[in-house]
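Colleague: Under this note's numbering, the first residue of the sequence shown is numbered 150, with each subsequent residue one higher. Glycine residues also receive a C-beta, built at the ideal position from the N, C-alpha and C atoms. Can you read through this structure? Questions will come right after.
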Amino acid sequence: MKRFILLLSILTFTSGAFAQDDIDAIVKGSLSDANYLLQGYITPVMDALGGGLNQGWYNTAKAHKPLGLDLTVSASLMYVPSAEKLYNVDNNILQEITLISYDGQSVSPTGSGNVPTIFGPDKTPTYELDIDGTQFDGPAGVDLQEAIKFADALPVPIYNFGIGLPKGTDLKVRWSPRLTLDDLEFNIFGLAVMHDIKQYIPGIKSLPFDLSAFVGYMKLKSELAISTDPTENQTGVMELSATTVQALISKKYPC
Numbered sequence: 150m151k152r153f154i155l156l157l158s159i160l161t162f163t164s165g166a167f168a169q170d171d172i173d174a175i176v177k178g179s180l181s182d183a184n185y186l187l188q189g190y191i192t193p194v195m196d197a198l199g200g201g202l203n204q205g206w207y208n209t210a211k212a213h214k215p216l217g218l219d220l221t222v223s224a225s226l227m228y229v230p231s232a233e234k235l236y237n238v239d240n241n242i243l244q245e246i247t248l249i250s251y252d253g254q255s256v257s258p259t260g261s262g263n264v265p266t267i268f269g270p271d272k273t274p275t276y277e278l279d280i281d282g283t284q285f286d287g288p289a290g291v292d293l294q295e296a297i298k299f300a301d302a303l304p305v306p307i308y309n310f311g312i313g314l315p316k317g318t319d320l321k322v323r324w325s326p327r328l329t330l331d332d333l334e335f336n337i338f339g340l341a342v343m344h345d346i347k348q349y350i351p352g353i354k355s356l357p358f359d360l361s362a363f364v365g366y367m368k369l370k371s372e373l374a375i376s377t378d379p380t381e382n383q384t385g386v387m388e389l390s391a392t393t394v395q396a397l398i399s400k401k402y403p404c
């Protein structure tokens, strides 16, 4: 059984779907073929994580006092749409390999077919090397809902640290523990600044609410180890970043 690990033992689940040999197999063709197939296979991970990059930065518009600190841990569920479970492989784009079948359905050498993404069904597509007709399996999906049992979602723990600076300013840092899915690794890191702007607006400084400007930047990096040649250290890298600029308003009510 393969294991999906959130380091620091936040969450674990098991799946028999993912095999490194299958990942290595789809780079048997040209570099263009490898990029095309790997991008389709792992893009849903980037989309799921990227969709939640700018969530959970704050729970109030009130800045800390100078040197005031807070550290929180949140577990975000990055939902995976049904459309992200399969991707289309067009044989007219492939150069040195051909998709010949998936889930009992044959694919024409000049046609196209849907195959699992990393979050898709636990079923393997079959490819063929054009040069000699050798057939091999591509990677299956992890069948996300079956693996997690309760949702089509990727659970991601996020650590948030904030410190108060002078003049009503907060500096915020957030990161995730290393997220590993066999030979896929993901890291999230972000920085943000929140600043009290109510202090500059005449007539409202004494009103009982908080108003701040917020600017945040997040970066996601994923790396996929590929071991087709034991003498080479081959890695596929994808990066995604997101910036958010917002005005925040909040009011604290007595309990």
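#1: Compute the Euclidean distance between the alpha carbons of V322 and G311, then round it to the nearest angstrom.
#2: Sorted by chain position, which residues of the same chain lie with C-beta nearer than 6 Å to T221's C-beta, five sequence neighbours on each side aside?
#3: In whole angstroms, what is the alpha-carbon distance linking S257 and I249?
#4: In whole angstroms, what separates the C-alpha of S90 from that of G205?
#5: Is the beta carbon of P265 closer than 9 Å to that of L226?
#6: Could you name the residues that DSSP lists as bridge partners for M227?
#7: Hey, quick one: how far does the beta strand (DSSP E) through R323 stretch, first residue to last?
#8: Taking C-beta to C-beta, are A396 and I346 nearer than 9 Å?
#9: Within the continuous beta strand (DSSP E) that includes Y207, where are the two ends?
#10: Figure out for me which residue from M387, P357, G365 has the closest Cα to the Cα of P403.
#11: Taking the C-alpha atoms as reference points, what is the distance between V238 and S231?
#12: Could you tell me the distance, in whole angstroms, from the CA atom of E388 to the CA atom of E334?
#13: Taking 8 Å as the line, does the beta carbon of V229 fall inside it for any heavy atom of the ligand COA?
#14: Who are the near neighbours of T380 in its chain, counting only those whose CB is closer than 8 Å to its CB and skipping five residues on each side?
#15: Among S181, D281, I191, which residue has its Cα nearest to the Cα of L373?
#16: Shortest alpha-carbon distance to I350 belongs to which of V229, D359, A197?
#17: Using the beta-carbon count (16 or more within 10 Å), is I242 buried or exposed?
#18: Just mark T247 as buried or exposed, buried being the case when its beta carbon has 16 or more other beta carbons within 10 Å.
#19: Could you check whether M195 and S325 sit closer than 9 Å to each other, using their CB atoms as the reference points?
#20: If F268 and V229 are in contact, beta carbons under 8 Å, what's the gap, nearest whole angstrom?
#21: In its own chain, which residues sit with a C-beta less than 7 Å from the C-beta of P315, not counting the 5 before and 5 after it?
#22: Measure the alpha-carbon distance for L293 versus P193 and round it to whole angstroms.
#23: Can you tell which of T275, K368, N240, Y207 has its C-alpha closest to the C-alpha of G339?
#24: When the distance is taken between beta carbons, is M343 closer than 9 Å to Y207?
Modeller: A quick look at the data gives this:
#1: The residue labelled residue 322 in the question sits at position 173 within the sequence shown. The residue labelled residue 311 in the question sits at position 162 within the sequence shown. Near 6 Å, if we compare the C-alpha coordinates of G311 and V322.
#2: On the sequence shown, position 72 is the one that residue 221 refers to. Excluding residues within five positions, the ones whose Cβ falls inside 6 Å are N309.
#3: Residue numbering aside, residue 257 sits at position 108 when the sequence shown is read from its first letter. Residue numbering aside, residue 249 sits at position 100 when the sequence shown is read from its first letter. Computed Cα separation, rounded: 7 Å.
#4: Residue numbering for the chain in the displayed model covers 150 to 404; residue 90 lies beyond these limits and cannot be assessed.
#5: Within the sequence shown, the letter at position 77 stands for residue 226. Within the sequence shown, the letter at position 116 stands for residue 265. Not closer than 9 Å, so no.
#6: Sequence index remark: in the sequence shown, residue 227 carries index 78 (1-based). Bridge partners of M227: L303.
#7: As a first step, residue 323 is located in the sequence shown; it is residue number 174 there, counting from the start. R323 -> beta strand (DSSP E) spans 318-324.
#8: Reading the sequence shown from its first residue, position 247 is the one you call residue 396. Reading the sequence shown from its first residue, position 197 is the one you call residue 346. Taking 9 Å as the cut-off, the beta carbon of A396 is found closer than this to the beta carbon of I346.
#9: For this step, residue 207 is matched to residue 58 along the sequence shown. Premise fails: Y207 is in no beta strand (DSSP E) and is neither H nor E.
#10: In the sequence shown, the residue the question calls residue 403 occupies position 254. The shortest Cα separation from P403 among M387, P357, G365 belongs to P357.
#11: Looking up residue 238 in the sequence shown gives position 89. Looking up residue 231 in the sequence shown gives position 82. In this model, V238 and S231 are separated by some 17 Å (Cα to Cα).
#12: Here residue 388 refers to the residue found at position 239 when the sequence shown is read from its first residue. Here residue 334 refers to the residue found at position 185 when the sequence shown is read from its first residue. Approximately 12 Å between the Cα atoms of the pair.
#13: As for the ligand COA, it is missing from this structure, which has no ligand bound.
#14: Position 231 of the sequence shown holds residue 380. Because the pLDDT of T380 is 48, which lies under 50, any placement of that residue in the model is unreliable, and the question is left without a value.
#15: For the purposes of this step, residue 373 is taken as the residue at position 224 of the sequence shown. Closest in C-alpha terms to L373, from the list S181, D281, I191, comes I191.
#16: Residue numbering aside, residue 350 sits at position 201 when the sequence shown is read from its first letter. Comparing Cα-Cα distances from I350 to each of V229, D359, A197, the minimum goes to D359.
#17: The residue given as residue 242 occupies position 93 in the sequence shown. Taking all protein chains shown into account, I242 has fewer than 16 neighbouring C-beta atoms within 10 Å of its C-beta and is therefore exposed.
#18: Sequence index remark: in the sequence shown, residue 247 carries index 98 (1-based). Taking every protein chain shown into account, the CB of T247 has 16 or more other CB atoms within 10 angstroms, so this residue is buried.
#19: Residue mapping note: residue 325 aligns to position 176 of the sequence shown, counting from 1. Residue mapping note: residue 195 aligns to position 46 of the sequence shown, counting from 1. Not a contact, by the Cβ cut-off of 9 Å.
#20: Taking the sequence shown and counting its residues from 1, one reaches residue 268 at position 119. Taking the sequence shown and counting its residues from 1, one reaches residue 229 at position 80. Contact flag correct, Cβ pair sits at about 5 Å.
#21: Here residue 315 refers to the residue found at position 166 of the sequence shown. The answer, listed in chain order, is P215.
#22: Counting from one through the sequence shown, the residue named residue 293 turns up at place 144. Counting from one through the sequence shown, the residue named residue 193 turns up at place 44. Rounded to the nearest angstrom, the gap between the Cα atoms of L293 and P193 is 12 Å.
#23: Locating residue 339 in the sequence shown gives position 190, counting from the first residue. Considering only alpha carbons, the answer is K368.
#24: Residue numbering aside, residue 207 sits at position 58 when the sequence shown is read from its first letter. Residue numbering aside, residue 343 sits at position 194 when the sequence shown is read from its first letter. Their beta carbons are under 9 Å apart, which means Y207 touches M343 by this criterion.
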